[in-house]
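In this note's numbering, the protein residues as written are 4 to 248. Glycine included, every Cβ here is placed at the ideal spot set by N, Cα and C. Model, not experiment: these values are computed from the prediction.
Right, dumping it as structure tokens:
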């Protein structure tokens, strides 16, 4: 009988591989690197001082004419007009007819350093806003800087037609009433000049003219507080409306 030898094959694994010693394992987790800080904006290069000076000088050159004009415009003063005298002679009122002669002297003071030329203005004499006479001044009104000058005008009153005022009252009747009852007639003297570039409008209103002993001669300008006294010539301020100053 055949005997068969059977052998067993065993694969051995060292036992130390199965034996794991109990050890404390310290696991350190490394934190992630912090995000980089945002980059600071690049600083602009400083402006050179000479560039700033150039800008300032250029601004002064550009704006100095405008500043000078504004200062001149706001500091200038209009000429001062005064009615130095007004006289009327041979005043006659008959029905609706009014005749007479008048002379006016106007004093003008220019307080500026500027020169003003008003040409030959029209001088008018009115009563209750109704025109009695007007003439073109023969003198040319040229105002020199820082000077006071006088200008004269004269004309005639010749009204042969019937005119009424705003209250529908006949002007001739009103003048005759003032002349006969009070011996005083109030007139208005006006200077007017208008062209394409400028306007001059000077008004001397309520200029009271007194008649001595109800005479038609030797009439002089009066102020209210002088009516009962001698008719001396006095000054009267006028209002002015102009776009030339």
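- Here residue 54 is exposed, its C-beta having fewer than 16 other C-beta atoms within 10 Å.
- Its Cα nearest to that of residue 206, the residue 191 stands out among 191, 214 and 212.
- Taking all protein chains in view, the Cβ of residue 132 is surrounded by fewer than 16 other Cβ atoms within 10 Å, so the residue is classified as exposed.
- Note on geometry: alpha-carbon atoms of residue 89 and residue 188 lie some 12 Å from one another.
- Residue 69 counts as exposed, since fewer than 16 other C-beta atoms from the protein chains shown sit within 10 angstroms of its C-beta.
- Put simply, the backbone Cα of residue 102 is about 12 Å away from that of residue 179.
- Residue 188 carries a strand assignment under DSSP once its states are collapsed to helix, strand and coil.
- Taking 8 Å as the cut-off, the beta carbon of residue 182 is found closer than this to the beta carbon of residue 96.
- Of 175, 213 and 105, the smallest CA-CA separation from residue 138 is found for 105.
- Taking the Cα positions, residue 159 is about 26 Å away from residue 198.
- The Cβ neighbour count for residue 52, taken over all protein chains shown within 10 Å, is under 16; the residue is labelled exposed.
- Relative to the Cα of residue 136, the nearest Cα in the group 149, 156 and 119 belongs to 156.
- If you check the CB distance, residue 80 and residue 115 come in under 8 Å.
- Its Cα nearest to that of residue 144, the residue 82 stands out among 161, 166, 163 and 82.
- Rounded to whole angstroms, the Cβ separation of residue 210 and residue 86 is 6 Å, and the two are in contact under 8 Å.
- Judged by DSSP secondary structure, residue 142 falls outside any beta strand (DSSP E); it is assigned neither H nor E.
- Residues of the same chain with a CB within less than 7 Å of the CB of residue 113, apart from the 5 flanking positions on each side, are 82, 119, 146, 147, 148, 149 and 150 in chain order.
- In this structure, the alpha-carbon of residue 186 lies about 43 Å from that of residue 117.
- Restricting attention to beta strand (DSSP E) runs no shorter than 3 residues, the segment 99-172 encloses them at 100-112, 125-130, 133-139 and 151-162, ordered along the chain.
- For the pair residue 62 and residue 84, the Cα-to-Cα distance works out to about 41 Å.
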